[in-house]
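Take 10 as the starting number for the sequence shown in the numbering used here and just add one per residue. Glycine included, each C-beta is placed from N, C-alpha and C at the ideal position. So the structure is just underneath, and the comments pick up after that.
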Amino acid sequence: MVTPRVEEILAANFERSGSLWVTMIGEAEYKVRNKEGATFHVNLSQKTCTCHEFQALLIPCTHAIAAATRAQIRIDSLVDGCYSRSTYTAAYANIINPVVEYESIEILSSDNSVSGVEINRPSSRRPPGRPRKSRILSRGEFQTRGPKKRTVCSRCKGGGHNRATCKVAI
């Protein structure tokens with residue numbers, strides 16, 4: 010049993026693995042090809058993939074899931090033990106003591122007059138250029154693309170081309 014967050018990641022990777030072509034090249038070794046033609050080498054016994062996501066996260070990537078499905082291996086058996094529920098509960102089984110006592114914390118007032126401490130803002134400069142519209146995705150997170158908008162010609166109302174490339178006679 011794995012944690013709920015890992016189950017979500019596995020489910021998302023499983024959905025994306027449906028469009029991959031898998032070829033067995035050896036004992037527990039597979040060549041996985043995507044729609045763009047890029048190939049990835051997956052070794053299920055060593056839990057490695059050439060995309061390096063499997064080694065970095067210790068959670069099967071889309072290529073490893075496609076290979077495991079072809080080999081009829083349970084996907085949750087490829088997840089590292091650190092993501093198991095037993096490890097998660099064992100980490101929080103003991104009492105977690107507070108680090109400092111509440112009385113020893115100095116609370117600063119809004120006028121910064123407590124013991125002459127003045128707080129300066131962090132030294133940072135805004136980077137040049139136009140700000141990003143979308144955030145940078147973290148490792149293991151993929152952008153979901155919506156349906157593609159179909160081009161329609163404004164002259165003949167046909168699909169697949171525009172007014173500039175329309176070949177219909179006027």
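Assigned secondary structure, residue i (DSSP; H/G/I helix, E/B strand, else coil)
i: residue 35; result: strand
i: residue 169; result: coil
i: residue 43; result: coil
i: residue 177; result: coil
i: residue 22; result: helix
Proximity of residue i and residue j at Cβ, strictly below 8 Å
i: residue 88; j: residue 69; result: yes
i: residue 149; j: residue 160; result: no
i: residue 71; j: residue 22; result: yes
i: residue 53; j: residue 20; result: no
i: residue 85; j: residue 31; result: no
i: residue 165; j: residue 171; result: no
i: residue 90; j: residue 96; result: yes
Within-8 Å CB hit, residue i to chain C
i: residue 150; result: No chain C appears in this structure, which consists of one protein chain only.
Contacts around residue i, its chain only, beta-carbon distance under 7 Å, and the 5 residues preceding and following it disregarded
i: residue 56; result: 63, 87
i: residue 121; result: In this prediction, residue 121 has a pLDDT of 48, which is less than 50 and means its spatial position is unreliable; nothing more can be read from the coordinates.
i: residue 60; result: 49, 70, 72
Contacting residues, own chain, Cβ-Cβ under 8 Å from residue i (five flanking each side not counted)
i: residue 92; result: 11, 12, 15, 67, 68
i: residue 157; result: none
i: residue 178; result: none
Neighbourhood of residue i by C-beta distance below 6 Å, restricted to the same chain and skipping five residues each side
i: residue 34; result: 40
i: residue 153; result: none
i: residue 131; result: none
inquiry  = Quick check on the DSSP output: what are the complete alpha helix (DSSP H) runs of length 4 or more inside the segment 58 to 123, in order along the chain?
reply    = Runs of the alpha helix (DSSP H) lying entirely within the segment 58 to 123 and spanning at least 4 residues, in chain order: 62 to 66, 71 to 79, 94 to 100.
task = Would you check if there are 3 or more beta carbon pairs closer than 8 Å linking the segment 28 to 43 to the segment 64 to 82?
result = Cβ pair count under 8 Å is three or more, so yes.
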